[in-house]
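Peer 1: Under UniProt numbering, think of the first position of the sequence shown as 1, with each following residue one higher.
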Amino acid sequence: MILRTKNLSIREITEEDINGVIEVYNSNQDFLKFHIGRQEVNIEWLIQEQKEMKAIDFKILVAKENESNVVIGFIDIGLMEECYLSLLMVHNEFRCKGYGKEIYDALEDCLRENNFRRIRIDVAYGYSEEVLQFWKNRGFEEIKKIKLQWVDRLFDAIVMKKDLN
């Protein structure tokens, strides 16, 4: 899967992207502290995360800026009957510049073109109101509150869905 936008190229992760993805994670300190209780991740952690994602048929897609070829964000997604968007993260230096919206819009267009009917996200709440609002602005509806586990942590989260028809 390769997606192109005005500013970005989005494709499956390769070995050359690993350091860039680690930089994106490590630039988002609040996320790391809240979600995995760490201040940074390393290559070993990301390789283990990749293995776990592949084992459940998830893909990691990287978003690179066309001009600089720098990894500015990534997506973790399961392409099932109901697509599950596990994570969309943008490097902190590129936040609030429209890149998250551009990445998501390209993904949604691709899913529609490939006849996917719905996309689901689980949004952890209690650490950033911006994140919930971002998804509401993309047209996602709140379905229910759940407990979400990632790594060895349990969070309060909201299941959100969007029909793509």
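Don't be surprised by glycine CBs; every beta carbon is placed ideally from N, CA and C.
#1: Expressed to the nearest angstrom, what Euclidean distance is found between the alpha-carbon atoms of Cys-96 and Ile-103?
#2: Spatial neighbours of Ile-143 within its chain, please: C-beta separation below 6 Å, excluding the five flanking residues on both sides.
#3: Considering only the beta carbon of each residue, do Lys-64 and Ser-9 sit closer than 8 Å?
#4: Taking the alpha-carbon of Leu-87 as reference, which of Glu-93, Phe-94, Ile-77, Glu-81 has the nearest alpha-carbon?
#5: Would you mind working out which of Gln-149, Leu-164, Leu-3 sits nearest Phe-116, comparing C-alpha positions?
#6: On the DSSP letters alone, give me the boundaries of the beta strand (DSSP E) that Phe-134 sits inside.
#7: Could you pull the start and end residues of the alpha helix (DSSP H) that Ser-86 belongs to?
#8: For Asp-109, count neighbouring C-beta atoms within 10 Å of its own C-beta (all shown protein chains included) and say buried if the count is 16 or more, exposed if not.
#9: Can you look up Lys-6 in the DSSP assignment and give me helix, strand or coil?
Peer 2: Looking at the atomic coordinates:
#1: Between Cys-96 and Ile-103, the C-alpha separation is close to 13 Å.
#2: Exclusion of the five residues before and after Ile-143 leaves Val-159, Lys-161 as the residues of its chain whose Cβ lies within less than 6 Å of its Cβ.
#3: The answer is yes: Cβ separation under 8 Å.
#4: The shortest Cα separation from Leu-87 among Glu-93, Phe-94, Ile-77, Glu-81 belongs to Ile-77.
#5: When only C-alpha atoms are compared, the closest one is Leu-164.
#6: Here Phe-134 belongs to no beta strand (DSSP E); instead the alpha helix (DSSP H) covers 129-137.
#7: DSSP places Ser-86 in no alpha helix (DSSP H) but in the uninterrupted beta strand (DSSP E) bounded by 82-90.
#8: Label assigned to Asp-109: exposed.
#9: Of the three classes helix, strand and coil, the one that applies to Lys-6 here is coil, per DSSP.
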